[in-house]
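In full-length UniProt numbering, the protein residues as written are 1 to 615. Every residue, glycine too, gets a C-beta built ideally from N, C-alpha and C. Note that the structure is a prediction, hence the values are computed from the model and not measured. Please read the structure below before turning to the comments.
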């Protein structure tokens with residue numbers, strides 16, 4: 001049994017809470033600009049004292065409305081400055097925040113509001129308000145719906161909160177805030193639910209304080225990544241634990257923080273805001289890579305990009321072996337002027353670090369980005385552990401792993417390969433679900449992650465997949481689909497993929513085509529006939545091109561693990577269709593159920609002939 005732990009460098013005091021940073025910053029750095037709020041198409045600067053004032057106003061209004069300590073208030077909306085204000089205000093008033101993704105269905109919203117017992121909910125726009133209103137009649141404890149941004153006239157919220165703040169003095173707000181303790185419940189975050197009904201993770205102020213303080217206590221984080229000279233732009237949902245933790249860390253470290261609610265506008269916002277560190281899920285970094293690679297091919301510069309990519313990867317790999325030689329340094333310098341600088345400019349030109357989470361980044365993308373001058377800090381954790389338990393630290397990165405345990409955290413590998421975790425960041429249990437809580441911990445108090453992994457002799461963790469996702473073929477071969485799926489997504493035409501084959505004679509795959517780049521591919525290959533897109537999954541040219549992606553993926557595994565057949569689905573996996581979680585992870589069980597007939601067809605003639613490597 002493998003195990004590695006790092007000693008803690010911080011323990012929350014009984015009277016500490018997450019709101020302390022807001023008011024300390026306002027007192028010590030009052031006039032310093034700490035935030036940029038997006039208004040129309042411009043960034044509006046916000047000082048630390050202005051943030052604290054807004055937090056007090058909303059907290060006072062909640063108290064005047066009747067919010068009691070410990071009561072739950074939900075926030076349903078995209079990433080925004082207002083989301084952050086309401087989060088801190090709920091805590092300041094003694095409440096518990098319940099985040100809800102704005103893409104959640106009415107059924108999911110009803111369950112979360114019911115299960116949490118939320119008494120109020122902030123909504124971001126009219127569509128979100130309508131979703132809440134549609135289920136409000138079944139929610140006996142929900143007493144109010146408020147606009148997340150009260151200045152937004154399009155939000156049809158049903159209750160007015162803005163006038164109530166005058167009924168409560170600031171001293172009363174501070175007294176309420178001071179009455180909280182670090183072991184008080186701070187938030188209930190519902191798991192994204194790749195299978196089954198979402199469970200509410202009960203997380204205390206102490207849990208999140210341990211996350212923030214032990215991250216910044218780790219080697220080089222404060223000096224190089226998060227400090228008062230840094231800038232970061234959040235555009236993934238702050239309803240997700242990783243973005244929430246980054247936001248809390250940014251406030252604690254006085255990082256200049258900005259928010260963008262539309263990931264589709266991330267490219268222009270990045271160029272406009274020029275962050276020094278970016279948080280995103282691997283899908284975003286995959287899109288950046290694939291777009292750049294295909295653009296080079298269209299411009300007849302594919303050979304140059306290929307050489308630049310190889311040099312970047314070799315340069316990054318050499319860092320782990322003592323550094324690049326003279327010839328590689330010269331090649332790298334040449335491609336920095338021709339290619340890498342343009343890629344960095346597309347991210348704003350000032351990015352030094354990217355923080356990747358939510359799913360494995362993989363060594364391929366990790367080496368590529370480090371090689372072009374953007375250092376990936378990949379970590380590992382779950383909602384139940386307040387996000388990061390391990391992290392690849394600046395100057396101590398080991399690409400392909402998710403780093404070593406952070407201070408105060410421990411990792412153990414069970415006999416069956418499951419990753420087990422301990423530390424102050426580990427949650428208290430599932431809200432109103434004692435059975436699930438008992439099942440989540442082993443007899444020694446270690447949290448069961450459900451992930452498979454290994455530790456090297458220096459304590460670096462490598463995650464190889466989910467226990468429940470492991471494929472065991474009819475021949476008894478164990479196949480980790482993540483390896484193949486990572487290689488498949490490297491093809492610019494592919495949006496999503498799912499490797500299948502459990503209890504089947506061989507491995508196969510379901511593939512989806514990226515709708516954004518498909519019209520470009522059709523034009524390049526002369527397919528202008530009516531109905532070309534509708535029947536694209538049957539197009540022989542496309543199937544031939546995707547076969548090359550499958551062949552490349554198969555190079556990473558043994559012949560017994562290789563994909564023998566694949567099917568191209570007529571539609572993509574999306575959040576709206578219920579096939580992706582809000583953090584863009586594939587809901588494997590839902591996909592296999594919905595496309596059971598397509599999967600069966602991949603094996604329909606298995607007894608008549610040997611499996612082929614063609615679709």
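Review point. Under the three-state reduction of DSSP, which class applies to residue 2: helix, strand or coil?
Key: Here the question's residue 2 lines up with position 2 in the chain shown. Looking at residue 2 - three-state DSSP - the assignment turns out to be strand.
Review point. Where do the ends of the alpha helix (DSSP H) carrying residue 271 lie?
Key: Along the chain shown, read from residue 1 onward, the residue named residue 271 stands at position 271. Going by DSSP, residue 271 is part of the alpha helix (DSSP H) stretching over 266-273.
**Study point:** Touching by the beta-carbon criterion (3+ pairs, under 8 Å), the region 160-179 and the region 401-412
**Key:** Verdict: no, contact absent.
Practice item. Tell me residue 512's beta-bridge partners as DSSP assigns them. Key: For the purposes of this step, residue 512 is taken as the residue at position 512 of the chain shown. 496.
Review point. Of all the CB atoms in chain B, is at least one closer than 8 Å to the CB of residue 90?
Key: Here there is only one protein chain, and chain B is not present.
Point to revise | Helix, strand or coil at residue 48 [DSSP, three-state] | key: For this step, residue 48 is matched to residue 48 along the chain shown. Assigned with DSSP and collapsed to three states, residue 48 falls in helix.
Exercise for review: Examine the Cβ distances between the region 431-441 and the region 464-474 and report whether three or more of them are shorter than 8 Å.
Suggested key: A contact is defined here as three or more CB-CB pairs under 8 Å, and the region 431-441 fails this definition with respect to the region 464-474.
Check your understanding: Less than 8 Å separating the beta-carbons of residue 16 and residue 179?
Key -> One-based indexing of the chain shown puts residue 16 at position 16. One-based indexing of the chain shown puts residue 179 at position 179. Judged by their CB atoms, residue 16 and residue 179 are not nearer to each other than the 8 Å cut-off.
Practice item. Return yes when the Cβ of residue 507 is within less than 8 Å of the Cβ of residue 517, no when it is not. Key: For the purposes of this step, residue 517 is taken as the residue at position 517 of the chain shown. For the purposes of this step, residue 507 is taken as the residue at position 507 of the chain shown. Taking 8 Å as the Cβ cut-off, residue 517 and residue 507 do not qualify as a contacting pair.
Exercise for review: May I ask you to list the residues that DSSP assigns as paired with residue 234?
Suggested key: In the chain shown, residue 234 corresponds to position 234, counting from 1. In the DSSP output, where bridge partners are listed per residue, residue 234 has 259.
Point to revise | Own chain partners of residue 313 with C-beta closer than 7 Å, once the 5 adjacent residues on each side are dropped | key: Position 313 of the chain shown, counted from the start, is the residue given in the question as residue 313. In chain order, 367, 368 and 371 place their CB closer than 7 Å to the CB of residue 313, counting only its own chain and leaving out the 5 sequence neighbours on each side.
**Study point:** Contacts around residue 276, its chain only, beta-carbon distance under 6 Å, and the 5 residues preceding and following it disregarded
**Key:** By 1-based counting over the chain shown, the position of residue 276 is 276. Excluding residues within five positions, the ones whose Cβ falls inside 6 Å are 230, 231, 350 and 352.
Review point. Which residue comes first and which comes last in the alpha helix (DSSP H) that contains residue 111?
Key: By one-based count along the chain shown, residue 111 stands at place 111. Following the DSSP letters along the chain, one finds residue 111 inside the alpha helix (DSSP H) bounded by residues 106-116.
Check your understanding: Does the Cβ of residue 303 have 16 or more other Cβ atoms within 10 Å, making it buried, or fewer, making it exposed?
Key -> As a working note, residue 303 is residue 303 in the chain shown. Around the Cβ of residue 303, a 10 Å sphere holds fewer than 16 other Cβ atoms; the residue is exposed.
Exercise for review: Work out the CA separation of residue 49 and residue 29 for me, nearest whole Å.
Suggested key: Residue numbering aside, residue 29 sits at position 29 when the chain shown is read from its first letter. Residue numbering aside, residue 49 sits at position 49 when the chain shown is read from its first letter. Looking at the backbone, the Cα of residue 29 and that of residue 49 are separated by about 8 Å.
Review point. Is residue 540 helix, strand or coil when you go by DSSP?
Key: Working through the chain shown from its first residue, we reach residue 540 at position 540. Residue 540 carries a helical assignment under DSSP once its states are collapsed to helix, strand and coil.
**Study point:** Distance between beta carbons of residue 76 and residue 122, contact taken as under 8 Å
**Key:** Here residue 122 corresponds to residue number 122 of the chain shown, with the count starting at 1. Here residue 76 corresponds to residue number 76 of the chain shown, with the count starting at 1. Distance from residue 122 to residue 76 at the Cβ level is roughly 7 Å; contact confirmed, criterion being Cβ atoms closer than 8 Å.
Check your understanding: What residue range is occupied by the uninterrupted beta strand (DSSP E) comprising residue 146?
Key -> The count along the chain shown starts at 1 and reaches residue 146 at position 146. It spans 144-147 - the beta strand (DSSP E) in which residue 146 sits, taken as one unbroken run.
Review point. Can you list, in chain order, the stretches of the alpha helix (DSSP H) that have 4 or more residues and sit fully within the region 369-422?
Key: With a minimum length of 4 residues, no continuous alpha helix (DSSP H) run stays inside the region 369-422.
Point to revise | Rounded separation between residue 391 and residue 140 - CA only | key: Reading the chain shown from its first residue, position 391 is the one you call residue 391. Reading the chain shown from its first residue, position 140 is the one you call residue 140. In a straight line, the C-alpha of residue 391 is about 43 Å away from that of residue 140.
Review point. What alpha helix (DSSP H) runs, 4 residues minimum, are completely inside the region 154-201?
Key: Here the runs fully enclosed are 170-178.
**Study point:** DSSP three-state assignment for residue 356, whether helix, strand or coil
**Key:** By one-based count along the chain shown, residue 356 stands at place 356. If DSSP states are grouped into helix, strand and coil, residue 356 belongs with the strands.
Check your understanding: What first and last residue would you give for the alpha helix (DSSP H) that runs through residue 306?
Key -> The residue given as residue 306 occupies position 306 in the chain shown. DSSP places residue 306 inside the alpha helix (DSSP H), whose first and last residues are 302-319.
Review point. From residue 549 to residue 487, what distance separates their C-alpha atoms?
Key: Your numbering for residue 549 matches position 549 in the chain shown. Your numbering for residue 487 matches position 487 in the chain shown. A straight-line Cα-Cα distance of about 8 Å links residue 549 and residue 487.
Exercise for review: Pull up the distance between the alpha-carbon of residue 398 and that of residue 385, whole angstroms please.
Suggested key: Here residue 398 refers to the residue found at position 398 when the chain shown is read from its first residue. Here residue 385 refers to the residue found at position 385 when the chain shown is read from its first residue. Note on geometry: alpha-carbon atoms of residue 398 and residue 385 lie some 22 Å from one another.
Point to revise | Residue from 377, 56 and 383 whose Cα sits closest to the Cα of residue 394 | key: One-based indexing of the chain shown puts residue 394 at position 394. Residue nearest to residue 394 within the set 377, 56 and 383 is 377 (criterion: CA-CA distance).
**Study point:** residue 145 to residue 250 span [Cα, whole Å]
**Key:** Working through the chain shown from its first residue, we reach residue 145 at position 145. Working through the chain shown from its first residue, we reach residue 250 at position 250. Cα-Cα distance, rounded: 29 Å.
Practice item. Let me know if residue 53 comes out buried or exposed under the rule of 16 or more other beta-carbons within 10 Å of its beta-carbon. Key: Looking up residue 53 in the chain shown gives position 53. Exposed.
Point to revise | Cβ pair residue 504, residue 497 closer than 8 Å | key: Along the chain shown, read from residue 1 onward, the residue named residue 504 stands at position 504. Along the chain shown, read from residue 1 onward, the residue named residue 497 stands at position 497. No.
**Study point:** Assumed close pair residue 191, residue 428 - CB separation to whole angstroms, cut-off 8 Å
**Key:** Taking the chain shown and counting its residues from 1, the one referred to as residue 191 is at position 191. Taking the chain shown and counting its residues from 1, the one referred to as residue 428 is at position 428. Not confirmed; about 15 Å, so no contact.
Check your understanding: Alpha carbon to alpha carbon, how far is residue 502 from residue 92?
Key -> Translated into the one-based positions of the chain shown, residue 502 becomes position 502. Translated into the one-based positions of the chain shown, residue 92 becomes position 92. Looking at the backbone, the Cα of residue 502 and that of residue 92 are separated by about 50 Å.
Exercise for review: Quick one: measure Cβ to Cβ for residue 128 and residue 102, integer angstroms, because I've assumed they're closer than 8 Å.
Suggested key: As a working note, residue 128 is residue 128 in the chain shown. As a working note, residue 102 is residue 102 in the chain shown. Contact between residue 128 and residue 102 holds, since their C-beta atoms are separated by about 5 Å, short of 8 Å.
Review point. According to the neighbour-count rule (16 or more other Cβ atoms, all chains shown, within 10 Å of its Cβ), is residue 37 buried or exposed?
Key: Translated into positions along the chain shown, residue 37 becomes position 37. Taking a 10 Å sphere around the C-beta of residue 37, we find 16 or more other C-beta atoms and assign the residue as buried.
Review point. With respect to the alpha helix (DSSP H) encompassing residue 99, which residues constitute its N-terminal and C-terminal limits?
Key: Mapped onto the chain shown, residue 99 falls at position 99. Not the alpha helix (DSSP H): residue 99 falls in the beta strand (DSSP E), residues 96-100.
Exercise for review: Spatial neighbours of residue 614 within its chain, please: CB distance less than 7 Å, with the 5 preceding and 5 following residues excluded, ordered by chain position.
Suggested key: Against the chain shown, residue 614 aligns to sequence position 614. Unreliable positioning characterises residue 614 in this predicted model, as indicated by a pLDDT of 41, which lies under 50. A coordinate reading is not provided.
Practice item. Give the straight-line distance between the Cα atoms of residue 8 and residue 431, rounded to the nearest whole angstrom. Key: For the purposes of this step, residue 8 is taken as residue 8 along the chain shown, with counting starting at 1. For the purposes of this step, residue 431 is taken as residue 431 along the chain shown, with counting starting at 1. Counting only the Cα atoms, residue 431 lies some 27 Å from residue 8.
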